[in-house]
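Protein chains in written order, with my numbering: chain A, 2 to 220; chain B, 2 to 220.
Number of protein chains: 2
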Amino acid sequence: MELSSYFPIWDQLTPAQQAQLARSARLRTAPRGTLLHNGSEDCVGLLAVCSGALRAFIRSPEGREVTIYRLFERDICLFSASCMLKSAQFDVSAEVERDAQFWIIPADIYQSVAASSAALANYTSELMASRFSDVMWLVEQILWRSQDRRLASFLLDESALQESRTLAITHDRIAAHMGTAREVVTRLLRYFQGEGMVRLARGTIELIDEDRLRAWAEE
Amino acid sequence: MELSSYFPIWDQLTPAQQAQLARSARLRTAPRGTLLHNGSEDCVGLLAVCSGALRAFIRSPEGREVTIYRLFERDICLFSASCMLKSAQFDVSAEVERDAQFWIIPADIYQSVAASSAALANYTSELMASRFSDVMWLVEQILWRSQDRRLASFLLDESALQESRTLAITHDRIAAHMGTAREVVTRLLRYFQGEGMVRLARGTIELIDEDRLRAWAEE
């Protein structure tokens with residue numbers, strides 16, 4: 002995917018600004034599990050996803066992880082360039098969740114173009130508002146929804162993401178996504194199995210009644 | 002407070018842009034309890050706080066409230082103008098928590114100035130990153146910290162805010178701030194009282210051992 006296609010405001014940049022972004026951007030590939038950005042320790046730049054999936058997450062002092070949002074084809078990860086925002090006082094890490102190809106735009110170049118382009122600066126605000134929406138959704142999930150509904154919802158999302166009804170995912174991994182304990186996930190999955198909604202096997206979870214899972218998730 | 006003092010980038014605006022913002026801004030006062038902005042139902046504009054305090058909060062489908070962040074003197078509330086951000090898909094409400102005076106800048110005027118000023122547009126991103134940091138802090142509080150620590154932390158913050166060791170606040174109100182049930186708050190307060198950290202009376206909570214509350218909050 003062309004770099005320009007990530008920026009609906011590309012035509013509002015001057016040829017010099019377009020060249021500055023295009024010249025500095027690097028196309029990279031990385032396998033599943035690669036840590037792309039580790040909280041405030043580094044500032045790799047903006048990541049524009051061509052294929053695969055990235056996962057942005059936070060980590061507790063004890064090392065527990067919670068997924069904040071996921072980024073797919075056509076999404077831009079802004080917080081891997083959070084050094085360009087003085088007011089960004091938080092540590093979000095990013096890793097490759099499904100083998101990915103992406104553009105990296107260095108933070109200093111992006112910042113310098115945005116300093117002279119209102120169009121790019123306003124687009125940055127839109128990107129942030131979009132991630133803000135993701136996080137507010139998560140806050141609402143955590144506050145208002147019980148773990149069982151969140152798990153049902155997670156299984157359905159994961160099935161769509163993996164394009165399969167049989168999920169190759171560990172209970173530990175689900176717990177990391179949901180920010181809960183593995184024991185809680187295992188207990189709920191067994192309950193779902195008892196209700197005939199899933200079938201558990203070594204290393205996999207098969208969804209066998211998606212309609213009921215959906216009803217459960219939306220309750 | 003002058004409108005210009007809210008914008009560190011004021012000098013980077015043209016005289017025409019400065020005049021456009023200054024002409025459209027209205028100075029208002031509102032008593033405690035006034036609802037300034039009700040989710041996505043309205044778009045009152047940016048609120049620049051001169052004095053007092055505002056509270057931004059979300060509401061569950063059942064009407065339960067949780068404070069997302071608070072805004073004091075010199076702070077700007079951006080999400081009361083969220084209609085200017087297409088990607089802002091969430092409902093944050095705002096109310097006056099302590100009698101307040103504030104500037105209202107209409108969303109359409111602000112947006113039109115930002116469309117031609119990279120400085121203002123970049124400043125908008127900084128404002129958003131700052132609120133994003135508040136929300137990420139909240140997420141971490143909810144995910145990693147237990148209710149008892151959050152309550153200890155809340156009591157200390159509230160005491161600093163009210164500039165008093167005796168807080169005039171109901172258990173219901175604390176529960177609304179923390180997004181928990183009143184019963185949980187009452188139970189924890191009684192426990193704190195038993196430990197000699199607070200003294201409960203009709204309608205008030207007196208902090209009598211702030212050092213221990215602080216240790217508890219930071220544990």
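Ideal Cβ placement from N, Cα and C applies to all residues, glycine included.
Setting aside the 5 residues that flank it on each side, S154 (chain A) is surrounded in the same chain by A218, each with a C-beta closer than 6 angstroms to its C-beta; the list follows chain order. Under the three-state reduction of DSSP, F58 (chain B) is assigned to strand.
Residues of the segment 124–137 of chain B whose Cβ lies closer than 7 angstroms to any Cβ of chain A, in chain order: T125, S126, E127, M129, A130, S131, F133, S134, V136 and M137.
Positions of the alpha helix (DSSP H) runs, each at least 4 residues long and wholly inside the segment 119–148 of chain A, are given as 119–145 in order along the chain. Contact residues of the segment 81–112 of chain B toward chain A are S83, L86, K87, S88, A89, Q90, F91 and V93 (C-beta to C-beta distance below 8 angstroms).
With respect to the C-alpha of E74 (chain B), the residue from B:E98, B:V114, B:D212 and B:R203 having the closest C-alpha is B:E98. Cβ contact annotation for I170 (chain A) (same chain, cutoff 7 angstroms, sequence separation greater than five): E159 and I206, in chain order. Just so you know, the alpha carbons of Y124 (chain B) and S131 (chain B) end up roughly 11 angstroms apart.
No Cβ-Cβ contact shorter than 9 angstroms links L79 (chain A) with L157 (chain A). A straight line joining the alpha-carbon of A17 (chain B) with that of S6 (chain B) spans about 17 angstroms. Taken through DSSP and simplified to helix, strand or coil, Q18 (chain B) comes out as helix.
According to the DSSP secondary-structure assignment, A202 (chain B) is paired through a beta bridge with B:T205.
The segment 127–146 of chain A makes no contact with the segment 192–201 of chain A; the number of CB pairs closer than 8 angstroms stays below 3.
Three or more beta-carbon pairs separated by less than 8 angstroms link the segment 51–67 of chain B to the segment 178–189 of chain B, which places the two stretches in contact.
Among the bridge pairs identified by DSSP, F80 (chain A) is matched with none. Taking C-beta separations shorter than 6 angstroms and ignoring five residues to either side along the sequence, the partners of Y111 (chain A) in its chain run L47, following chain order. The C-beta separation of L121 (chain A) from L14 (chain A) comes to about 7 angstroms, placing the pair in contact by the 8 angstroms criterion.
By DSSP's assignment, I170 (chain B) forms no beta bridge with any residue. DSSP places D100 (chain B) within a strand segment (E or B) once states are collapsed to three. Chain A places no beta carbon closer than 9 angstroms to that of P16 (chain B), leaving this residue out of the contacts.
In this structure, the alpha-carbon of T187 (chain B) lies about 50 angstroms from that of A101 (chain A). Per DSSP, reduced to three states, the secondary structure at S94 (chain A) is strand. Taking a C-beta distance under 9 angstroms as the contact criterion, H38 (chain A) and S94 (chain A) qualify as a contact pair. Chain-order list of chain B residues neighbouring L139 (chain A): V140, by C-beta distance under 8 angstroms. The continuous beta strand (DSSP E) containing E66 (chain A) extends over residues E66 to L72. Interface criterion met: the Cβ of S117 (chain A) is under 9 angstroms from a Cβ in chain B.
In terms of Cβ geometry, S25 (chain B) and I106 (chain B) form a close pair [threshold 9 angstroms]. With contacts defined by Cβ atoms closer than 9 angstroms, E141 (chain B) and I10 (chain A) do not form a contacting pair. For W104 (chain A), the number of other beta carbons within 10 angstroms of its own is at least 16, and it is reported as buried.
Looking at B:A49, B:C44, B:E184 and B:R150, the one whose alpha-carbon comes closest to that of D76 (chain B) is B:A49. Rounded to the nearest whole angstrom, the CA to CA distance from R174 (chain B) to M198 (chain B) is 20 angstroms. The beta carbon of M2 (chain B) sits closer than 6 angstroms to those of C51, all from its chain and outside the five residues before and after it, given in chain order. Remark: C-beta atoms of A115 (chain B) and A119 (chain A) approach each other more closely than 9 angstroms.
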